[in-house]
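Right, one structure below, let's go through it.
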Amino acid sequence: MARPASMRRSRRVGEALIERSMLGCALLSVVTTAAILAILVRQTGEFFAEVPISAFLFDTQWTPLFADKHFGIWPLLAGTFLTSAIAIAVALPFGLLAAIYLGEFATPRIRGVLKPTLELLAGVPTIVYGYFALVTLTPVLQKFMPELSGFNALAPGIVMGVMIIPMITSLGEDAISAVPGSVREGAYALGAGKLATVFRVVLPTALSGIAAAVVLAVSRAVGETMIVAIAAGQQPRLTLNPQVPVETMTAYIVQVGMGDTPTGTLEYRTIFVVGATLFAITFAANLLSQRWARRFRER
Amino acid sequence: MQTTVDSDACLSPPYRTMEPAQMSNPGVAAKLSVQELSAWHGEKQVLVRVSLDLPEHEISAVIGPSGCGKSTLIRCLNRMHELVPGATHRGSIQLDGEDIYASGVDPVLIRRRVGMVFQKPNPFPTMSIRDNVLAGLRLTGMRPGDLDAVVESALQQAALWSEVKDRLREPGTSLSGGQQQRLCIARALAVEPEVLLLDEPCSALDPIATTRIEDLLGTLRERYTIVIVTHNMQQAARVSQQTAFLLQGELVEFTETDALFTKPKDKRTEDYVTGKFG
Ligand SMILES: Nc1ncnc2c1ncn2[C@@H]1O[C@H](COP(=O)(O)OP(=O)(O)O)[C@@H](O)[C@H]1O
Ligand SMILES: [Mg+2]
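Chains as they are written, first to last, in our numbering: chain A, 70 to 368; chain B, -17 to 260.
Have a look at this one:
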């Protein structure tokens, strides 16, 4: 009689232990995020104790590492915006068309081969993409664009776009396949052709899923570091000209983080300020997309 | 593509020797005429040499136990069957005397003339009530002048107008199940088909919504030829002029509804309608 009871107790203790440790794991990620946020906030605060916010927001130059220091964030924002916009401009049409093809037109056999192949593309290390942009794509582009400098926003933007195509395709295809067959049948039964059914019924139904895929792709492009650090030139410049060297926020963080800037200095704190800005942007984008997706679902 | 499977090879011996009766209703013009229709899902034969004439402006019911091929039969009538991967058929179906499976006939055009309502209401989730009604016209590139008139007329015919006329911009999916099914009927009617196929349209609905749809079918009969699949024999008896009884892909009996339920000629029909199986 006593043994089952004690066994039961030990089982209960074991279960509690497992539960606790799982809770611990969940908490760990929360704590890590909180710690990162705390460090960002503290370093940013110390930065703004020395540099007025107006200089950060209204100066048009970013030269914290020079003798004549300027702390205007806009050149880095412009670099990030430019490379990301080029990437999205490349990835969106190709990624979506590929998703539509795989979801609605490809035979199961073709899809079975193509989808994993595309997903392999996502596994290529970004450093390979970066050097491809620098030593292969830029020289090729220079044949058509004599003005293009050796470091520029265009080549890394295009390569980054190629890198995120699989992401848009894969998530977009998931969204398209999730549209119930009854919706397609409804359209066919009305005498709609294949194209009208796909583009005017299936795609609008899959829109919230597709939008989520695009937002993820955008944050991936905004956060991408290695490709732009290698091929875009590391020269903060307030421009939307894709032919000249620029620097993105991420590339700047790498530049300073890998350099010999002593910790605790103002120069060193700039990477936290840039990091906080990056964080704020992606956070806002995610919030917006969530709210948008929710509103869409309610419709 | 439909003739890749040899029909005789799939028939079990009793079927092969049996001469299928041409079942028709003389005196009334046949809107749809089905001749020797066999259909397959992959290797599995689902319909066995079915022949029947569906008279114009009448309601024909198709009954039979689940899996006997009722859906497959009516999906052949508007060429929806061929959309299923691996689906094939043999035999011919004539709409106003023209073979809808003849080479060169565009299935899309057949589906505009032969509309269909499904078992589960399937309004387009991204569209408003109004846009759902207009979907068929828009998706097929037809441009009628007065869209409002089309919407009102289709919803009137589907007996839904008074319930939704003040909320046409709301999503179709915001309606109750019965209203959604009538919206799907309105959507099918808006393209002005000649035939309306309904595949167990009430099986997902409550009794009150079912009654409304049954009443509606009686009025629609004046303008359309209607084929309704139902697993509910009372429903077939209430709404239809003739009834087809399908069993394991074979058309056992097709005759006037009263006759089929009161004095069935075939023993299997009698067993089914008296509830001995099914
Ligand atoms: N998409 C499909 N793929 C394979 N077999 C199918 C498919 N649809 C139906 N069948 C088979 O065809 C037979 C008839 O189905 P169906 O016409 O839907 O019958 P009912 O509508 O009378 O219930 C069933 O045995 C079913 O298993
Ligand atoms: Mg069925």
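Ideal Cβ placement from N, Cα and C applies to all residues, glycine included.
Exercise. Using the beta-carbon count (16 or more within 10 Å), is B/Asp128 buried or exposed?
Worked result: exposed
For this session: Run down chain A in chain order and give the residues with a C-beta less than 9 Å from the C-beta of B/Val173.
Result: Leu259, Gly260
For this session: Could you name the residues of chain A that B/Ala218 contacts, counting a contact when the two beta carbons are closer than 8 Å?
Result: Residues of chain A passing the Cβ test: none, with the nearest at roughly 22 Å.
Exercise. Helix, strand or coil: how does DSSP classify B/Ile41 here?
Worked result: strand
For this session: For A/Ser251, go through chain B and note every residue whose CB falls closer than 7 Å to its CB, in chain order.
Result: Phe100, Lys102, Asn104
Problem set entry | Partners in chain B for A/Arg269, counting only beta-carbon separations shorter than 9 Å | The CB of A/Arg269 comes closer than 9 Å to the CB of Ala117, Arg120, Leu121 in chain B, given here in chain order.
Exercise. Which two residues bound the contiguous alpha helix (DSSP H) that contains B/Val209?
Worked result: For B/Val209, there is no enclosing alpha helix (DSSP H); the residue is part of the beta strand (DSSP E) that begins and ends at 207 to 211.
For this session: Please compile the residues from chain A whose C-beta is within a distance smaller than 7 Å of the C-beta of B/Met215.
Result: What B/Met215 touches in chain A: nothing, since even the nearest Cβ is about 26 Å away.
Exercise. With DSSP run on the structure shown, which of helix, strand or coil describes A/Ser246?
Worked result: Secondary structure of A/Ser246 (DSSP, three-state): helix.
Exercise. Are any of the Cβ atoms in chain B nearer than 7 Å to that of A/Gly255?
Worked result: Answer yes: the Cβ-Cβ gap between A/Gly255 and chain B drops below 7 Å somewhere.
Exercise. Is A/Thr274 close to chain B, meaning its C-beta is less than 7 Å from at least one C-beta of that chain?
Worked result: yes
For this session: Indicate whether the contact test is met: 3 or more Cβ pairs, each with one atom in the stretch 133 to 147 of chain B and one in the stretch 183 to 193 of chain B, closer than 8 Å.
Result: no
Exercise. Can you give the Cα-Cα distance for A/Ser98 and A/Ile105, rounded to whole angstroms?
Worked result: 11 Å
Problem set entry | Three CB pairs or more closer than 8 Å across the stretch 61 to 77 of chain B and the stretch 107 to 122 of chain B | Not touching, per the Cβ criterion.
Exercise. Near B/Arg95, what residues of its chain come up, given a Cβ to Cβ distance below 6 Å and the 5 sequence neighbours on each side ignored?
Worked result: Pro175, Glu176
Exercise. Going along chain A in order, which residues have a C-beta closer than 8 Å to the C-beta of B/Pro107?
Worked result: Contact of B/Pro107 with chain A by beta-carbon distance below 8 Å involves Val252, Thr274.
Problem set entry | Per DSSP, cross-strand counterpart(s) of A/Gly302 | In DSSP, A/Gly302 forms a bridge with A/Val315.
Exercise. Under 6 Å from any heavy atom of ligand 2, does the C-beta of B/Lys52 make it?
Worked result: yes
Problem set entry | Distance, A/Leu171 Cα to A/Thr129 Cα | A/Leu171 has its alpha-carbon roughly 45 Å from the corresponding atom of A/Thr129.
For this session: Can you give me the Cβ contacts of A/Gly278 inside the same chain, cut-off strictly under 6 Å, excluding the 5 residues immediately before and after it?
Result: Within the same chain, and ignoring the five residues on either side of A/Gly278 in sequence, the residues whose Cβ sits closer than 6 Å to its Cβ are Ala244.
Exercise. Near A/Val287, what residues of its chain come up, given a Cβ to Cβ distance below 8 Å and the 5 sequence neighbours on each side ignored?
Worked result: Ser153, Ile157, Ala354
Problem set entry | Cα-Cα separation between B/Leu77 and B/Lys13, rounded to whole angstroms | 6 Å
Exercise. So which residues of chain B does A/Ala265 contact, with C-beta pairs closer than 9 Å?
Worked result: Arg120, Leu121, Thr122, Gly123
For this session: Anything in chain A within Cβ reach of B/Gly319, meaning under 9 Å, just list it in chain order.
Result: The structure shown does not extend to residue 319 of chain B, since chain B spans only -17 to 260, so no value can be given for it.
Problem set entry | Among A/Gly148, A/Asp329, A/Gly326, A/Ser239, the one whose alpha carbon lies nearest that of A/Leu189 | A/Ser239
For this session: Using a Cβ cut-off of 7 Å, pull out every chain A residue sitting near B/Val90, in sequence order please.
Result: Gly260, Gly262
Exercise. Within the 7 Å Cβ cut-off, does B/Thr(-14) reach chain A?
Worked result: Any reading at B/Thr(-14) needs caution, since the residue's pLDDT is 44, under 50, leaving its predicted position unreliable; the model's value is listed next. By this cut-off, B/Thr(-14) is not an interface position.
Exercise. Excluding five sequence neighbours on each side, which residues of the same chain lie with their C-beta closer than 7 Å to the C-beta of B/Leu142?
Worked result: These residues qualify, in order along the chain: Gln161, Arg164, Leu165, Ala168.
Problem set entry | Alpha carbon of A/Leu285 to alpha carbon of A/Ile233, nearest angstrom | Taking the straight line joining both Cα atoms gives about 10 Å.
Problem set entry | Identity of the residues DSSP links to B/Gly97 by a beta bridge | Paired residues: B/Leu178.
Problem set entry | chain A residues whose Cβ lies nearer than 7 Å to that of B/Leu65 | Here the neighbours are Tyr257.
Exercise. To which residues of the same chain is A/Pro235 closer than 6 Å at the C-beta, ignoring the five residues directly before and after it?
Worked result: Leu187, Glu188, Leu190, Ala191
Exercise. Chain A partners of B/Arg93, CB-CB under 9 Å?
Worked result: Tyr257, Ala258, Leu259, Gly260, Ala261
For this session: Would you check whether ligand 1 has a heavy atom nearer than 6 Å to the C-beta of B/Gly49?
Result: yes
Problem set entry | B/Arg205: contacting residues in chain A (beta-carbon distance under 7 Å) | What B/Arg205 touches in chain A: nothing, since even the nearest Cβ is about 18 Å away.
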